[in-house]
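Per this note's numbering, the sequence shown runs over residues 1 to 489.
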Amino acid sequence: MPVRFFTDRLPYWLIGPFLLLFAAAAYHRATDFDDAWFAEQAYFLLRDGVVRSEFFRGINHWEERIYVFHKLYIYLLAGWTGLFGFSAPAVESLGTAGAVLNVAGLYALTRRGVMPGANVSRPALLGWTVLLYVSCGLVLRYGFVARPETMNAAFGLWGYYFLSTSATETDRPDVRLILAAIFAGLAALTHLNGLMYGLAGLTWLAWQRRWRIGVVYGLVWAIVCAFYFTDVLLDNQWARLAEQFRYDPATRHLFGWVAKLNTLISFHQMLFHNQVETAITLMAIFVGWFSWQYDRQSRPLVVYLLASMVWMWLLTRGSSKYYMLLILPFVCLLAGRAVVVSASRWPRWGQVLGVVITVLWLGSGLLEGGLLLLENEAPIVHERTAALARRMGKPGSTVIAPLDFFFDQIGHYRIHSLSYYYLLNQHEYVGKLSLSQFFDLAAREHAAYVITDPKLNMAYDIPNTAPARIGRYHRIFQDDWNSIYRLEK
């Protein structure tokens, strides 16, 4: 009988191995583009009191001040790195803190928020919910990366916890409803995609016809969201805010109704990006339909999950796979409840399909963990940057370097990133910026050194086969990972 697969003890046998896989994949983790980019923002916030960037000096006045950024996340990262330092593991571990808050939210919801019923095994409900979360390939990958999605999802999940446990017998707001609106607002401040949680909450309340409570919820949520504009208001820089929002290099091509239509049409690329996202999408569809049919008490959660997905579809300006983390805890919560509450009542074909999708989910997590272990063969980042710095000298000078040269070197050099020149090449040179032109620009900037990027992580490409002397620069070092060019007088 396929339903025997969903035993109460199985998740507790599997959670430990997946946590070990997470730890193994985090050890010597190869740095992500956003690790250094967000760390630099937090660094200048701590040092100068404002968020700005030397990496991208010359773009949208970012070297003066950035107004469009993941505000609450950067503030949290500044506090985090103020305590633990700016090493790559310290920066990346804030993503782990967000994942832990998700697990805490799942624990709270399985104890009270999903109405498990008197005869339901709470340990089994918690076990299956947590197993699905920690075994997800996206958590294995982005649970140790400096990106805001895990923290964003945590605020959204806790917002749903307070929303789902607020008083339902009256049409008067209580403390939990206010907390629900506050947490939904915090999600929006962490990343603007977090607006989906407040809108999903309003949709959820409208579905329940709780109109007056919806007005209070929406008002509190809007007030919290308005704090996004605090720095703009204090500096009276509304025009600069609009400029940076409109011409952000990552999203400038997504403006206009045609671009938005293309984004909406291509949303499936996120839902079925690879085996991990495919497993999440199939699980959401499967447990959503079966829960609606066989478990009436889960319908509020189904409505909230569906509303979240629709609002994410309407709001997002891209189809990056890590956005799936924003709905992941709700899928895990619904799937865990389905296993424990209603799976025994499903038709046999539904039970078989449930086992298949669960195995696909667990298998995709194992595969993603294995891929991470293979990716982590690069030299440890702080050892590599220190070795490069020893060959350079001239502390305090300007260098053009990969983003991860930030780690352990930001206090010694003024770093202008190769990623800036990648964007310059794309937008100003139509992809035709030659090596001689690039090194001429570097000389005009008086960059003492140019360090190549082996990963080509959105960086201007200087191949290992490039000449040893280009313009006023001479190559003084080369290995399998980097080359160093020095400015000759």
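We put the beta carbon where it would ideally sit given N, CA and C, even for glycine. Since this is a predicted model, take the numbers as computed values, not measurements.
* To do: Can you give me the Cβ contacts of tyrosine 107 inside the same chain, cut-off strictly under 7 Å, excluding the 5 residues immediately before and after it?
  => By 1-based counting over the sequence shown, the position of residue 107 is 107. Around tyrosine 107: Leu126.
C-alpha distance - isoleucine 213 paired with tryptophan 204, whole-angstrom precision = What you label residue 213 is simply residue 213 of the sequence shown in a count that begins at 1. What you label residue 204 is simply residue 204 of the sequence shown in a count that begins at 1. The alpha-carbon atoms of isoleucine 213 and tryptophan 204 are separated by roughly 11 Å.
Can you list, in chain order, the stretches of the alpha helix (DSSP H) that have 4 or more residues and sit fully within the region 258–315?
268–271, 275–294 and 299–315
Residues of its chain near leucine 435, where Cβ-Cβ distance is below 7 Å and the 5 sequence neighbours each way are ignored
Residue numbering aside, residue 435 sits at position 435 when the sequence shown is read from its first letter. Correct list, in chain order: Ile462, Ala466 and Ile470.
#### Entry: Spatial distance of phenylalanine 439 from tyrosine 429 (CA atoms)
Sequence index remark: in the sequence shown, residue 439 carries index 439 (1-based). Sequence index remark: in the sequence shown, residue 429 carries index 429 (1-based). Whole-angstrom Cα-Cα distance: 14 Å.
Discussion item. Based on DSSP bridge pairs, tell me the residues matched to serine 483.
Written reply: Locating residue 483 in the sequence shown gives position 483, counting from the first residue. Answer by DSSP bridge pairing, in chain order: Gln478.
- Can you tell which of Leu362, Arg299 and Gly156 has its C-alpha closest to the C-alpha of valine 139? Your numbering for residue 139 matches position 139 in the sequence shown. The option with the nearest alpha carbon to valine 139 is Leu362.
Q: Report yes if the CB atom of glutamate 149 is closer than 7 Å to the CB atom of tyrosine 322, and no otherwise.
A: On the sequence shown, position 149 is the one that residue 149 refers to. On the sequence shown, position 322 is the one that residue 322 refers to. In this structure, tyrosine 322 lies closer than 7 Å to glutamate 149 by Cβ.
- Query: Thinking C-alpha only, which one of Phe84, Leu46 and Arg122 is nearest tyrosine 12?
  - Reply: Residue numbering aside, residue 12 sits at position 12 when the sequence shown is read from its first letter. Checked all of Phe84, Leu46 and Arg122; the closest Cα to tyrosine 12 is Arg122.
Compare the C-alpha of phenylalanine 84 against each of Tyr43, Tyr460 and Tyr133 and name the closest.
Here the question's residue 84 lines up with position 84 in the sequence shown. Checked all of Tyr43, Tyr460 and Tyr133; the closest Cα to phenylalanine 84 is Tyr43.
- Are the beta-carbon atoms belonging to serine 166 and leucine 157 less than 7 Å from one another? Residue mapping note: residue 166 aligns to position 166 of the sequence shown, counting from 1. Residue mapping note: residue 157 aligns to position 157 of the sequence shown, counting from 1. Against a cut-off of 7 Å, the Cβ pair of leucine 157 and serine 166 comes out as no contact.
**Message:** Based on DSSP bridge pairs, tell me the residues matched to tyrosine 473.
**Reply:** Residue 473 sits at position 473 when you count from the first residue of the sequence shown. Partner(s): Ile470 and Leu487.
Residues near asparagine 425 in its chain [Cβ-Cβ closer than 7 Å; skip 5 each side]
For this step, residue 425 is matched to residue 425 along the sequence shown. So the list reads Gly431, Leu433 and Tyr460, once near-sequence residues are dropped.
Notebook entry, point to check: Alpha carbon to alpha carbon, what distance is there between valine 340 and alanine 124?
Noted result: Position 124 of the sequence shown holds residue 124. Position 340 of the sequence shown holds residue 340. Just so you know, the alpha carbons of alanine 124 and valine 340 end up roughly 7 Å apart.
- Query: What's the call for leucine 230, buried or exposed, on a 16-neighbour Cβ count within 10 Å?
  - Reply: Working through the sequence shown from its first residue, we reach residue 230 at position 230. Sequence inspection shows threonine at residue 230; the leucine mentioned does not correspond to that position. A residue is called buried once 16 or more other Cβ atoms fall within 10 Å of its Cβ, and threonine 230, having fewer, is exposed.
- Query: Cα separation between serine 483 and proline 379?
  - Reply: For the purposes of this step, residue 483 is taken as residue 483 along the sequence shown, with counting starting at 1. For the purposes of this step, residue 379 is taken as residue 379 along the sequence shown, with counting starting at 1. Straight-line Cα distance between these residues: approximately 15 Å.
Nearest to arginine 111 (by Cα), restricted to the options Arg337, Phe5 and Ile415: In the sequence shown, the residue the question calls residue 111 occupies position 111. Comparing Cα positions, the closest option is Arg337.
* To do: Could you spell out the range, first to last residue, of the beta strand (DSSP E) harbouring threonine 465?
  => Translated into the one-based positions of the sequence shown, residue 465 becomes position 465. Threonine 465 -> no beta strand (DSSP E), and no H or E assigned at all.
### Message
How far does the alpha helix (DSSP H) with threonine 203 in it extend, from its first residue to its last?
### Response
As a working mapping, residue 203 is identified with position 203 in the sequence shown. Here the alpha helix (DSSP H) through threonine 203 covers 195–207.
Check: Relative to the alpha-carbon of lysine 286, which residue among Val302, Arg47, Glu63 and Arg390 has its alpha-carbon at the smallest distance?
Finding: In the sequence shown, counting from the first residue as 1, residue 286 sits at position 286. In the sequence under discussion, the amino acid at residue 286 is phenylalanine, which differs from the lysine named in the question. The option with the nearest alpha carbon to phenylalanine 286 is Val302.
Here's a check: name, in chain order, each residue in its chain whose Cβ is nearer than 8 Å to the Cβ of alanine 206, leaving out the five neighbours to either side. Stepping through the sequence shown from its first residue, residue 206 is reached at position 206. Within the same chain, Gly214 come within 8 Å of alanine 206 by CB-CB distance, once the 5 residues on both sides are set aside.
- prompt: Alpha carbon to alpha carbon, what distance is there between asparagine 376 and histidine 416?
  reply: Here residue 416 is taken as the residue at index 416 of the sequence shown, counted from 1. Here residue 376 is taken as the residue at index 376 of the sequence shown, counted from 1. Linking histidine 416 to asparagine 376 through their CA atoms gives a straight-line distance of about 26 Å.
ask   = Between the beta-carbon of alanine 184 and the beta-carbon of glycine 159, is there less than 7 Å?
value = Numbered from 1 along the sequence shown, position 184 holds the residue referred to as residue 184. Numbered from 1 along the sequence shown, position 159 holds the residue referred to as residue 159. Yes, these two residues count as a Cβ contact at 7 Å.
Looking only at C-alpha atoms, which of Ile476, Ile410 and Val355 sits nearest to phenylalanine 6?
-> Numbered from 1 along the sequence shown, position 6 holds the residue referred to as residue 6. Of Ile476, Ile410 and Val355, the residue nearest in Cα terms is Val355.
- [ ] Compare the beta carbon distance of alanine 443 and isoleucine 400 with 7 Å and say whether it is the shorter of the two.
- [x] For the purposes of this step, residue 443 is identified with residue 443 of the sequence shown, where counting begins at 1. For the purposes of this step, residue 400 is identified with residue 400 of the sequence shown, where counting begins at 1. Contact flag unset, no.
Anyone know if the C-beta pair for glutamine 351 and tyrosine 67 falls short of 7 Å? Here residue 351 corresponds to residue number 351 of the sequence shown, with the count starting at 1. Here residue 67 corresponds to residue number 67 of the sequence shown, with the count starting at 1. In this structure, tyrosine 67 does not lie closer than 7 Å to glutamine 351 by Cβ.
* Asked: Expressed to the nearest angstrom, what Euclidean distance is found between the alpha-carbon atoms of alanine 36 and glutamine 478?
  -> Your numbering for residue 36 matches position 36 in the sequence shown. Your numbering for residue 478 matches position 478 in the sequence shown. Per the coordinates, the alpha-carbon of alanine 36 lies some 23 Å from the alpha-carbon of glutamine 478.
Hey, how far is the Cα of asparagine 102 from the Cα of threonine 263? Within the sequence shown, the letter at position 102 stands for residue 102. Within the sequence shown, the letter at position 263 stands for residue 263. One C-alpha to the other measures close to 28 Å.
*What is the DSSP secondary structure of isoleucine 400, reduced to helix, strand or coil?*
Locating residue 400 in the sequence shown gives position 400, where the first residue counts as 1. DSSP places isoleucine 400 in strand when its eight states are reduced to three.
Under 7 Å between C-beta atoms of valine 91 and alanine 153: By one-based count along the sequence shown, residue 91 stands at place 91. By one-based count along the sequence shown, residue 153 stands at place 153. In this structure, alanine 153 does not lie closer than 7 Å to valine 91 by Cβ.
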